[in-house]
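Residue numbering for the sequence shown follows my numbering, beginning at 70 and increasing consecutively. No residue lacks a Cβ here, since even glycine has one placed at the ideal position from N, Cα and C. Computed from a predicted model, the values in this text were never measured in an experiment.
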Amino acid sequence: DAQGFARALLLGDRSELDYETETNFKSSGIIHIIAVSGLHVTVLFGLIYLITGKRRLLTVLLGLPALFLFAALASFTPSITRACIMQAVLMAAMLFGKEYDPMTSLAFAALTMLTVNPMVITSVSFQLSAGCMAGIFLFGQPLRLWFMDEKRLGRWKGRFTNWLASSVSITLSATVFTAPLTAIHFGTVSLVGVLTNLLTLWVVTFIFYGILLICVAGFFSCAVAAFLGSVLAWPIRYVIGISGLLAKF
Numbered sequence: 070d071a072q073g074f075a076r077a078l079l080l081g082d083r084s085e086l087d088y089e090t091e092t093n094f095k096s097s098g099i100i101h102i103i104a105v106s107g108l109h110v111t112v113l114f115g116l117i118y119l120i121t122g123k124r125r126l127l128t129v130l131l132g133l134p135a136l137f138l139f140a141a142l143a144s145f146t147p148s149i150t151r152a153c154i155m156q157a158v159l160m161a162a163m164l165f166g167k168e169y170d171p172m173t174s175l176a177f178a179a180l181t182m183l184t185v186n187p188m189v190i191t192s193v194s195f196q197l198s199a200g201c202m203a204g205i206f207l208f209g210q211p212l213r214l215w216f217m218d219e220k221r222l223g224r225w226k227g228r229f230t231n232w233l234a235s236s237v238s239i240t241l242s243a244t245v246f247t248a249p250l251t252a253i254h255f256g257t258v259s260l261v262g263v264l265t266n267l268l269t270l271w272v273v274t275f276i277f278y279g280i281l282l283i284c285v286a287g288f289f290s291c292a293v294a295a296f297l298g299s300v301l302a303w304p305i306r307y308v309i310g311i312s313g314l315l316a317k318f
């Protein structure tokens, strides 16, 4: 029951994801987690950065081929291509000690993709991916600062409220441009998306790492990989369960 989600999360392949689960993801506003995109690239880069001990040159030497291979596995979809180009720009900035500007990076990624294939502008995946990032870069930080204002928090200010404010501001800012696009292309807008993202996104990163670990373990021992899979199935069931519950609501 967890296999379809695991395959969709890692590769964006929804062929083994049942109709009910996919519909619940759409209704609850978390369909983006199984569309291979910037979330996956960020998680993968974080893992590479950790493995290389945060050494810049080694991160670039290992990171660039890894990102290219991952994009190839995901069939170079517009969203994953955009994310990989931006991550490559970030690594270049790290390597040469230059300042990284997210909006400039997004503009460069979009311009590069449009130069190679002007018709990519008609892709829903490209529009949603670029719109999501533009919303976060433009409105994410102002929203977070608004939520974190001491006049509103008072004595409640702390690590948890900081995480909550960051999560809510990112989710809300991401929908500024994507909500209209979703309404136009799919005829739906999820009203519980913010809550669903808060309850599930924190565990998706661990699930992604877990799937990668299982893939590696499978090269050495199918029994170990199967055991790890049986353990990882529970957080996957949690995500599926939450999306189903909130979709019904």
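In this structure, how does DSSP classify residue i when only helix, strand and coil are distinguished?
i    : result
F289 : coil
M182 : helix
S97  : helix
Y88  : helix
Y169 : coil
L260 : coil
F277 : helix
R306 : helix
F177 : helix
A295 : helix
A104 : coil
Note the first and the last residue of the continuous alpha helix (DSSP H) segment covering residue i.
i    : result
P249 : 228-255
A199 : 193-216
P147 : 147-165
T128 : 125-142
G115 : 107-120
G73  : 72-80
When the Cα atoms are used, what is the spatial distance from residue i to residue j?
i    : j    : result
L281 : G227 : 33 Å
V110 : V258 : 25 Å
A203 : Y88  : 31 Å
A295 : G166 : 43 Å
L197 : V112 : 19 Å
D170 : M217 : 24 Å
A252 : L133 : 35 Å
A157 : F137 : 10 Å
G98  : V263 : 8 Å
F208 : T181 : 24 Å
S299 : S236 : 29 Å
P187 : T240 : 29 Å
T230 : L260 : 22 Å
I190 : N266 : 27 Å
T128 : K317 : 44 Å
F277 : A286 : 14 Å
Y118 : I311 : 31 Å
F288 : F74  : 21 Å
Q210 : V245 : 14 Å
Can you check which of these residues, the options, is closest to residue i by C-alpha distance?
i    : options                : result
R151 : G115, L130, F195, G132 : F195
L108 : C284, T274, A302, A295 : T274
P249 : I311, G200, V300       : G200
A243 : I154, I205, A286       : I205
V308 : F229, R83, I102, E85   : I102
I154 : T121, T191, L126, L175 : L175
P147 : R213, V193, A292, S84  : V193
R124 : G279, R83, M160        : M160
P76  : W215, L315, L301, W232 : Here residue 76 turns out to be Arg, not Pro, going by the sequence shown. The option with the nearest alpha carbon to R76 is L301.
R306 : E168, G256, L86, F246  : L86
Task: Validate contact between the stretch 111-131 and the stretch 92-99 using beta carbons, cut 8 Å, 3 pairs - done: no
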